[in-house]
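Chains A and B, in that order, give the protein sequences.
Using my numbering, you'd call the opening residue of the first sequence number 231 and step up by one each time.
Using my numbering, you'd call the opening residue of the second sequence number 12 and step up by one each time.
Report on the following structure.
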Amino acid sequence: MKYSRSLSILMLTVLVTGLLVAGCAPAAKPYECTDEWGCAITEKGQTIKVAYVGPMTADYSAFGTDISRGAELAVKAHPTVKGFDIELLVEDTQGTPEQGASVANKLAADPRVVAVAGHTFSGSTEAAIPIYEKAHIVMMSPSTTLADLPAIGPNVYNRVAFSDKLQGQMAANYIYNTLSVRKVVVVHDGGAYGKGLVEGMAAAFEELGGTALGKEGITPGETDYSAPLAAIAALEPELLYFGGYDADAAVLVTQMAGAGLGGVKFFGCDGTYGTNYLDLSGDAAEGTYSTYVPIPPSAVFDKFKVDYEADYGDPQGKLSPFSPHGHDATALLINAIEDAALESGDSLIIPRKALADAVRSIKDFPGLTGMLTNDGKGECAAASPLFMVVENGEWVEAPGQ
Amino acid sequence: MADAAMADAVQLRHKRFFNLGRLVRPTIGVLVIAFLMWRLLTVLFIQQAYGADTWVRFAVSGIILGSVYAVIALGYTLVYGILFMINFAHGDVMMLGAFAGYFTLEAFNGAGILNRSLASSILSITVAFTVGMLVATFVAIALERIAYRPLRTAPRLVPLISAIGASLFLENMAQLVFGAARHTYTNPEVAKRNIGWTLMVSGKEVLITYTGVLTFVLSILLMIGLYILVQRTKMGKAMRAVAEDKEIAALMGIDVDRVIANTFAISGALAGAAGVMWGLHMGIVYHFVGFLPGIKAFTAAVLGGIGNVPGAMLGGLVLGVIEAMGPAALGLPFQLKDVLAFSILVLALIFRPTGLLGEVLTEKKA
């Protein structure tokens, strides 16, 4: 009895105090948000939250770790907006759509998250876009290339990576014209990115007059693909085109010869480029192709490479080719926040629609990956894909491009 | 009174259920057989998608995979035979064995012994197997001591939950210690993946890899060894006695705790060998590598008749071959091979709950 009485007194006190505080609050905030998507309000002492979302653990962690470092360096180079610190939240998706959606929900629930530099991986992004679209959080993806993504997020989705429409088209051209291959089998990992890419590539290849067979799916994350590879060998292709990521590509190339595909070329994509693939597949990687996004040489990029190695110990480009993209995506967002943010008394107001518009109207932004201009529909990519081949255990530019 | 009424109601429900059950089984059977006939006919006779060489490749891939499943399945079946408990952490014991083999080979490679001569290569592989088996044995004994022995008298669901917990613990510990990245096995040059004998089938070369042959032969030897151990030795006799009845065995002067610890040690050693085989043949190990083979091997053990040693071998081989040939024979995408494997588990449970070679279990075991 005694306890319950003191408890009720305590609760009453809390309630009254709460009411008083709530009653006083509007008087302290004269700013009225007129933005149709609402405003993110950062009060004095608080930080502006920008998130990077990607696979930080599990099979594909090399991508997430690398891109998040690029994002961190961008924040380090531009740490404040109008006197308010930028805080970079790094969230893990393990590369899966499920985790992608749950991280998006978590970020959408935080009213101070203004922008997301992400996600990395198209499947995870596809699942997340509708959530950000509803929460009016603007996105700038460093690495998702699935052609359909801008259509799923017509208002908030932007990217600094190229579209797979381009990659598929160029790969088909290169394989048909330069490698003179007429019969390919396309394989994907069942994910949104891989499937989208190989379908685009197969269509382009058939248009050129070649034969694209298969569209065979494999289950990602396995260590034995000998049976599906034997089925592919029965089609007698000259080349195997794979849409997916490095860990699975490494298993495929190491088992190809054993399954009767010795002498058949392996052509990967931007998801299979990197040193992780070389480490995992060893000798079998020799003569296999992938896609790389060349970064134009510049003084800022040289400085970025030096900073990257100084901060993280690894040489830039070891884990994945995308750390400059992580940097650019984050830098573009910070730049847009700078444009859109308004000061009001002690707090910083970021109108969400104005911020999205600022991102959409970016023009000639000097990024590491080139001069970035948003086409108004979300595509900001400056660089186009370059095909690479493994020679003596190193990625070198494939001849004849 | 109330009790009697309730018992009547229960009985009535049972009766209805069984009546329905009598209809369900033949219906499922007819549907499955019709589906199989239709697909097989389409693929094998109308489409004729694959030549003989491809079928041989599928079979080779399936037999190798199946022999690894069989070795893992033996561990499940041994433990089940004695404790009537499913050791879900078994696949992760295999993963730790695979890692032990990986580090051994790395060490030999670093010391320059791996490729010095044929004898040193053979020595490296032998040591890798020994270390893998020892580490896995140790882990299995520790698991029994820590996670299962204190729960020996608890209801049967409790050690099962403990096993799932142990499995998650081992996976996450491995991720923490070895990192989330994948590791590639360094094979000696003489036993590299993708080299081996070539077999000519209908004018085409089919590669039979050395690692595959090693895996298959070794797994057969392990199975034979285990069979002799269980059937012909004193320890095997004690194990069979404990499997029959723990109390009576204890009264006969058998140290039940020791026999159970021995069983775990043997199942661990088998899992360790399976892990090193997996690494040598498939090439890639990581913290999650034991999960799916573990579940598949459990399926194999049930398919063969859980608690039955030859059954586990047969179940493993059958499952491996079905997984490799099934999707192709039925004209299904290869992504559905796991669906196929687990459908077999469901069908086995419906039509032959005792498994292919299963004994009719006594009330107590079932």
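Backbone N, C-alpha and C fix where the C-beta goes; we use that ideal spot for every residue, glycine too.
Inset, instruction - Taking all protein chains shown into account, decide if D296 of chain A is buried (16 or more other Cβ within 10 angstroms of its Cβ) or exposed. - result: buried
Inset, instruction - Just mark E539 of chain A as buried or exposed, buried being the case when its beta carbon has 16 or more other beta carbons within 10 Å. - result: exposed
Inset, instruction - Flag this pair as yes or no: are the beta carbons of V344 of chain A and L337 of chain A separated by less than 8 Å? - result: Taking 8 Å as the Cβ cut-off, V344 of chain A and L337 of chain A do not qualify as a contacting pair.
Inset, instruction - Taking M641 of chain A and Y519 of chain A to be in contact with their CB atoms under 8 Å, please state how far apart those CB atoms are, rounded to whole angstroms. - result: The structure shown does not extend to residue 641 of chain A, since chain A spans only 231 to 631, so no value can be given for it.
Inset, instruction - Within the same chain, show all residues whose beta-carbon is closer than 8 Å to that of I333 of chain B, passing over the 5 residues directly before and after it, in chain order. - result: G73, L351, A352, I355
Inset, instruction - In the DSSP assignment, find the unbroken beta strand (DSSP E) run with I564 of chain A in it and report its ends. - result: From DSSP, I564 of chain A is part of no beta strand (DSSP E) but of the alpha helix (DSSP H) over 553–570.
Inset, instruction - Taking C-beta pairs closer than 8 Å, name the residues in chain A that P344 of chain B reaches, listed in chain order. - result: E446, G447
Legend entry - Residue of A:A588, A:D576, A:F595 minimising C-alpha distance to H557 of chain A: A:F595
Legend entry - DSSP bridge partner residues for E609 of chain A (one or two, in chain order): A:R389
Inset, instruction - List the endpoints of the continuous alpha helix (DSSP H) containing A489 of chain A. - result: First-last for A489 of chain A: undefined, no H or E at that position.
Inset, instruction - Determine the contact status of T287 of chain A and A191 of chain B, defining contact as a CB-CB distance below 8 Å. - result: For T287 of chain A and A191 of chain B, yes; Cβs fall inside 8 Å.
Legend entry - Beta carbon of L314 of chain B nearer than 8 Å to that of Y196 of chain B: No; because the gap between Cβ atoms is not below 8 Å, this pair is not in contact.
Inset, instruction - Tell me, please, whether the CB atom of D500 of chain A is closer than 8 Å to any CB atom in chain B? - result: No - not a single Cβ of chain B is within 8 Å of the one on D500 of chain A.
Legend entry - Selected residue, minimal CA-CA separation from H366 of chain A, among A:Q631, A:D576, A:Y542, A:W267: Closest by C-alpha distance to H366 of chain A, out of A:Q631, A:D576, A:Y542, A:W267, is A:W267.
Inset, instruction - For M106 of chain B, return the contacting residues in chain A, with the cut-off set at a CB-CB distance below 9 Å. - result: Simply none; closest approach about 11 Å.
Inset, instruction - Starting from the beta carbon of M293 of chain B, find every residue of chain A whose beta carbon is closer than 7 Å, and list them in chain order. - result: Chain A residues near M293 of chain B: T453, D454.
Inset, instruction - Please list the residues of the stretch 476–491 of chain A that have a C-beta atom closer than 9 Å to any C-beta atom in chain B, keeping them in chain order. - result: A477, A480, V481, T484, Q485, M486, A487, G488, A489, G490
Inset, instruction - Mind checking the stretch 283–294 of chain A against chain B and listing, in chain order, the residues whose C-beta falls within less than 8 Å of any C-beta there? - result: T287, A288, D289, S291, A292
Inset, instruction - State whether the stretch 160–177 of chain B contacts the stretch 228–240 of chain B, with contact taken as three or more CB pairs (one from each stretch) at a distance under 8 Å. - result: Three or more Cβ pairs closer than 8 Å define a contact, and the stretch 160–177 of chain B falls short of that threshold against the stretch 228–240 of chain B.
Inset, instruction - Measure the alpha-carbon distance for A255 of chain A versus N385 of chain A and round it to whole angstroms. - result: With a pLDDT of 48 at A255 of chain A, under the threshold of 50, the modelled position of this residue cannot be trusted; read the value that follows with caution. Between A255 of chain A and N385 of chain A, the alpha-carbon positions lie close to 32 Å from each other.
Legend entry - Collapsed DSSP secondary structure at G501 of chain A in the structure displayed: Taken through DSSP and simplified to helix, strand or coil, G501 of chain A comes out as coil.
Legend entry - Contacts around A613 of chain A, its chain only, beta-carbon distance under 8 Å, and the 5 residues preceding and following it disregarded: F392, V523, P524, I525, P526, T599, G600
Legend entry - Contact test: A301 of chain A Cβ vs the ligand ATP heavy atom, cutoff 7 Å: Although the ligand ATP was asked about, the structure shown includes no ligands whatsoever.
Legend entry - H194 of chain B - DSSP class collapsed to helix/strand/coil: DSSP places H194 of chain B in strand when its eight states are reduced to three.
Inset, instruction - With DSSP as the reference, label F140 of chain B as helix, strand or coil. - result: Here F140 of chain B carries a helix assignment [DSSP, helix/strand/coil].
Inset, instruction - Pick out whichever of A:K395, A:A566, A:G608 has its Cα sitting closest to the Cα of L376 of chain A. - result: A:K395
Inset, instruction - Would you identify the three-state DSSP class for H101 of chain B, choosing helix, strand or coil? - result: helix
Legend entry - Members of the stretch 190–211 of chain B near chain A, C-beta cut-off 9 Å: Answer in chain order: G190, A191, A192, R193, H194, T195, T197, K203, R204, N205, I206, G207.
Inset, instruction - Could you tell me the distance, in whole angstroms, from the CA atom of L218 of chain B to the CA atom of P450 of chain A? - result: Near 25 Å, if we compare the C-alpha coordinates of P450 of chain A and L218 of chain B.
Inset, instruction - Let me know if G444 of chain A comes out buried or exposed under the rule of 16 or more other beta-carbons within 10 Å of its beta-carbon. - result: buried
Inset, instruction - Check the DSSP bridge columns for F595 of chain A and list the partner residues they point to. - result: Partner(s): A:L602.
Legend entry - Simplified DSSP state of D419 of chain A, which is helix, strand or coil: coil
Inset, instruction - Please list the partners that T65 of chain B has in chain A, where partner means a Cβ-to-Cβ separation under 9 Å. - result: A460, A461, A463, A464, G490
Legend entry - Contact list for the stretch 397–428 of chain A against chain B, Cβ threshold 9 Å: The stretch 397–428 of chain A vs chain B, Cβ under 9 Å: G420.
Inset, instruction - Hey, could you find the ends of the alpha helix (DSSP H) K364 of chain A is sitting in? - result: 352–365
Inset, instruction - Spell out whether any CB of chain A is found under 8 Å from the CB atom of T365 of chain B. - result: no
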